[in-house]
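In our numbering, the protein residues as written are 6 to 199.
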């Protein structure tokens with residue numbers, strides 16, 4: 006499973022979903038069911054993309070690189086969306102150029118570049134949902150199935166069957182799936198499977 010998940014497309018659908026809400030105060034609105042504001046959640050999305058890219062560059066399976074992204078406290082929602090696109094591109098390029106044998110640390114399993122790219126797509130899609138629903142609870146935005154399916158295959162090897170958008174929401178504790186109740190404790194499996 007070395008195919009690199011489509012970070013560019015994930016960022017594109019995220020930006021498209023959030024673009025209509027850039028006139029709102031993201032700092033004052035909580036992301037749905039999170040302890041963070043919509044702004045903090047967007048910052049987290051960008052930071053994850055940066056962090057995953059740096060883990061690939063660092064390439065050590067036994068620990069994290071001790072850096073974090075410092076973001077401009079005055080960044081407007083449009084600038085946050087620009088940062089999201091830029092960091093998705095950064096992770097995309099680094100993941101695509103990485104040695105296939107590279108291994109790097111993550112708490113959810115030592116992973117490869119393809120695993121970190123998949124993690125970036127999950128963070129982008131799931132937190133886009135959190136922000137969209139925080140800004141407009143009536144918005145029915147969902148992760149596109151064509152982007153959800155490959156990351157489910159890579160990070161959730163024991164996922165139930167079903168529409169990939171529904172399955173991703175279930176796997177990430179955002180929704181029930183048929184008879185399966187919503188999960189309160191969940192995590193992906195970043196380990197490498199052949």
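We put the CB at the ideal spot given by N, CA and C, even for glycine.
Task: Reference residue 144, options 161, 26, 196, closest by Cα - done: Taking only the C-alpha atoms, the option nearest residue 144 is 26.
Open item on the list: Excluding the 5 residues flanking residue 141 on each side, which residues of the same chain have their C-beta closer than 8 Å to its C-beta?
Closed with: 26
- [ ] Run the CB neighbour count on residue 88, radius 10 Å, all protein chains shown included, and call it buried at 16 or more, exposed below.
- [x] buried
TODO: Report the partner residues of residue 109 according to the DSSP bridge assignment.
DONE: 116
- [ ] Please work out which residues of its chain come closer than 7 Å, Cβ to Cβ, to residue 61, disregarding the five sequence neighbours upstream and downstream, and give them in chain order.
- [x] 99, 100, 103, 107, 109, 118, 121
TODO: On a CA-only basis, which of 164, 176, 65 is nearest residue 114? Give me that one, please.
DONE: 65
TODO: Report yes if the C-beta distance between residue 189 and residue 132 is below 7 Å; otherwise report no.
DONE: no
Open item on the list: To test your reading of the DSSP string, which unbroken alpha helix (DSSP H) runs of 4 or more residues are found completely within the stretch 54-103?
Closed with: 82-102
Open item on the list: For residue 31 and residue 138, I'd like the C-alpha separation in whole angstroms.
Closed with: The alpha-carbon atoms of residue 31 and residue 138 are separated by roughly 12 Å.
Open item on the list: Just to confirm, is the Cβ distance from residue 116 to residue 20 under 7 Å?
Closed with: no
Task: Beta-bridge partners of residue 42, as assigned by DSSP - done: Per DSSP, 35.
TODO: Give the secondary structure of residue 190 by DSSP, where H, G and I count as helix, E and B as strand, and everything else as coil.
DONE: coil
- [ ] Could you check if residue 28 is buried or exposed, using at least 16 other CB atoms within 10 Å of its CB as the buried criterion?
- [x] exposed
TODO: Below 8 Å CB to CB, which residues in the same chain sit around residue 182 once its five sequence neighbours on both sides are set aside?
DONE: Same-chain partners within the cutoff: 165, 167, 171, 172, 174, 175.
Task: Three-way DSSP call (helix, strand, coil) for residue 182 in this model - done: strand
Task: Residue burial classification, residue 177 (beta-carbon count within 10 angstroms, cutoff 16) - done: So residue 177 ends up on the buried side.
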